[in-house]
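Data first, discussion second: the structure below is written as structure tokens.
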Amino acid sequence: AVVVGIGLNVAAAPPDQLGATSLAAEGVDVGHTEVLIALLTALAKRETTWRAGRGDPDATRVRADYRAACLSLGASVRVELPGGTTYTGIAEDVDTDGRLLLLDPAGHRRAVAAGDVMHLRPAE
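Residues in the sequence shown are numbered from 4 upward in steps of one, following this note's numbering.
Structural data, given as structure tokens:
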């Protein structure tokens, strides 16, 4: 089973999230119903492609599209896992299972399946 959560800022952005925006703040005048219809239509198309490609993330371009949209790739990050374990390193890639590949300061690559990813500021 897979559980996916999606948060869309339609009318306003959360004030406690630096860099967050909303559709309204970006000049998009759209209602919640229109956003939901567009989202469900896009998800249905993606599912059709996924099924036709037998779930292969490369053949269906799911991984390539995710890489293109992922702002964490190439960034220094801290990942806080459920349970409290924390890792730092460079977010290098995404594997075929959708896990973030993190290169730690010692040069070890770690696959992270779930956690909170925070971008770190470069040392000055």
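In this text, a Cβ means the ideal position worked out from N, Cα and C, and glycines have one as well.
In this text, all values refer to a predicted model and were calculated from it rather than measured experimentally.
Contact annotation: Leu104 and Tyr90 have beta-carbon atoms that are not nearer than 8 Å.
Per DSSP, the beta bridge partners of Ser79 are Ile93. By the 16-neighbour rule on beta-carbons within 10 angstroms, Val97 is buried.
Residue pairing of Asp119 in beta bridges, as defined by DSSP: Glu83.
In this structure Leu123 touches Val80 by the C-beta definition: roughly 6 Å separates them, less than 8 Å. About 12 Å separates the Cβ atoms of Val120 and Arg102, ruling out a contact at the 8 Å cut-off. If you check the CB distance, Ala27 and Ala41 do not come in under 8 Å. In chain order, Arg66 and Thr99 place their CB closer than 6 Å to the CB of Pro60, counting only its own chain and leaving out the 5 sequence neighbours on each side. Take Arg70, set aside five residues on each side of it, and the residues of its chain with a beta-carbon closer than 8 Å to its own are Leu76, Asp96 and Val97, in chain order. In terms of CA proximity to Pro85, Gly118 leads the group Val38, Trp53 and Gly118. Around the CB of Val31, fewer than 16 other CB atoms lie within 10 Å, so the residue is classed as exposed. Secondary structure of Leu104 (DSSP, three-state): strand.
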